[in-house]
Structure formats: structure tokens, C-alpha cells
Amino acid sequence: MALLRASLAMDADPRVENETYYLRPPVMSDFPAWAALRAGSREFLKPWEPIWPKDDLTKAGFRRRLRRYARERREGRSHPFLLFHRRSDELLGGLTLSNIRRGVSQSVTLGYWMGAPYAGRGHMSAAVSLVLPFCFDVLNLHRVEAACLPHNHRSIRLLENAGFRREGYARSYLLIDGAWQDHLLFSCLAEDHALAVSGHAPGAGGKLKDFL
1 MALLRASLAM
11 DADPRVENET
21 YYLRPPVMSD
31 FPAWAALRAG
41 SREFLKPWEP
51 IWPKDDLTKA
61 GFRRRLRRYA
71 RERREGRSHP
81 FLLFHRRSDE
91 LLGGLTLSNI
101 RRGVSQSVTL
111 GYWMGAPYAG
121 RGHMSAAVSL
131 VLPFCFDVLN
141 LHRVEAACLP
151 HNHRSIRLLE
161 NAGFRREGYA
171 RSYLLIDGAW
181 QDHLLFSCLA
191 EDHALAVSGH
201 APGAGGKLKD
211 FL
């Protein structure tokens, strides 16, 4: 399914969707559902994330997060999304495109999290496949990078099934759960994705709607 637009106005909020899911930027009204899902998933997420700020689940902390997101998006540096089930509008998790580099790089870093009740059901695999056309066809990037802990076998399978290729091993790469931890490095190039789409890879593609 083709994207509806080849470019994105920076004053519009992107919405990426298919028949089952949609991704859109977080807004203040998402706070109750976001805080409840994150709080209920704390122990599940803790091994895979940086230590949370003490006020992370407060309304003030969420408002500060949104201000940072807005600033980084205006500067063309990131696109944060929340993942929802289209039929129920239920919040499932989140996905962020960060550290966008232009010039000779044309690349971005992909990160994601899934609420504990929804993990292992294919929701995030679908979301990653949904966001790749946004990266390549809308943001006109050439390379999407991702990293995961070597023992995070579920995330490794997710990336490989989405068309990412393992590129290397980075020692003490990120400060996760209070410790500097090694990571596996992955990438998906525009040409990798084009081959996957031409081969009718499951979950590939989506459509973009811009709304003010």
C-alpha cells in the first residue's frame, strides 16, 4: 500500500496507518493511558531502557517530554509516535525515529517499546514495517539504524523479520538499566526495503495522513 505523500510539512502532525494499526505523535490527552501502561509495564521494560527520571510518570514530566519532542521535530531531528490499535484506539506502545542525520548520511535511529500486556503478539513487528515507508518515502532517508542488547532475542527476531541486517557489535554502547551495556547493531537501507516490498513482505507498507 503506497504512501499518500512524498514529502511532509513540518507544521503538520504525521499519522501513519494501515487497516489494523496507526502511529501518531503523543499529545497531552494521551497522558492517562500512557502513564498507566508504562507504570504497569515498569518491570517488563526496566531491563531494556535507561533508568527512568523520578517524575517520569507525572503529568509535569509528560508535559516536559512533549515540549522536547516538539522542539526536536521543529529542528528536524526526531519523530516520536505512539502505537494504537485502529479498531479500539487502545494504546499498545511507542516508537521513535531519533537522531535524524541529513547531508551525506540521510539516516535515522529507530527505537521502540511495547506495553507488557501486548508483548509477543506481533504488534511492534507490524509497527516497524509500517514506519519504514515513512522513513524512506516521506522523510527521504537512506538508512534506518537500530540497536538491541545481545540477549534480547525477541527484538533481534523483530528486526531481522522486518528486513534489518546485523552489522556489528558495539561494546558499552548505551547506558541501559543503570549500566553501560554492549549492543548488536542493525540497519535497513532503502534498497533493502524496496526489495522486501517487491517481494510482498508481510506487513510492509502503509499510508500517511497529515492533519493539523
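Per full-length UniProt numbering, the sequence shown starts with residue 1, numbered consecutively. The beta carbon of each residue, even a glycine, is placed where N, CA and C say it ideally should be. Owing to the predicted nature of the structure, the values given are computational and were not obtained by experimental measurement.
Q: In angstroms with no decimal places, state the Cα-to-Cα distance between residue 18 and residue 87.
A: On the sequence shown, residue 18 is found 18 positions in, with the first residue counted as 1. On the sequence shown, residue 87 is found 87 positions in, with the first residue counted as 1. Whole-angstrom Cα-Cα distance: 11 Å.
**Q.** Residues bridged to residue 132 [DSSP beta-bridge criterion]
**A.** Against the sequence shown, residue 132 aligns to sequence position 132. Per DSSP, none; premise fails for residue 132.
Q) Which residue comes first and which comes last in the alpha helix (DSSP H) that contains residue 99? A) Position 99 of the sequence shown, counting from 1, holds the residue named residue 99. Note, residue 99: premise wrong, no alpha helix (DSSP H); beta strand (DSSP E) at 91–101.
Q) Does the beta-carbon distance from residue 45 to residue 116 come in below 9 Å? A) Residue 45 sits at position 45 when you count from the first residue of the sequence shown. Residue 116 sits at position 116 when you count from the first residue of the sequence shown. Going by C-beta atoms, residue 45 is nearer than 9 Å to residue 116.
Q.
For residue 183, report the span of its alpha helix (DSSP H) as first-last.
A. Residue numbering aside, residue 183 sits at position 183 when the sequence shown is read from its first letter. No alpha helix (DSSP H) contains residue 183, which is instead part of the beta strand (DSSP E) from 179–189.
(Q) Please classify residue 28 as buried or exposed, where buried requires at least 16 other C-beta atoms within 10 Å of its C-beta. (A) Locating residue 28 in the sequence shown gives position 28, counting from the first residue. Flag for residue 28 reads exposed.
Q: Could you give the DSSP three-state label for residue 148: helix, strand or coil?
A: If you number the sequence shown from 1, residue 148 lands on position 148. DSSP places residue 148 in strand when its eight states are reduced to three.
Q: Give me the Cα-Cα distance between residue 125 and residue 158, rounded to the nearest whole angstrom.
A: As a first step, residue 125 must be located in the sequence shown, where it is residue number 125. As a first step, residue 158 must be located in the sequence shown, where it is residue number 158. Taking the straight line from one Cα to the other gives about 6 Å.
(Q) Looking at the secondary structure, which residues open and close the alpha helix (DSSP H) in which residue 167 lies? (A) Residue mapping note: residue 167 aligns to position 167 of the sequence shown, counting from 1. It is not in any alpha helix (DSSP H) - residue 167 instead sits in the beta strand (DSSP E) that spans 165–176.
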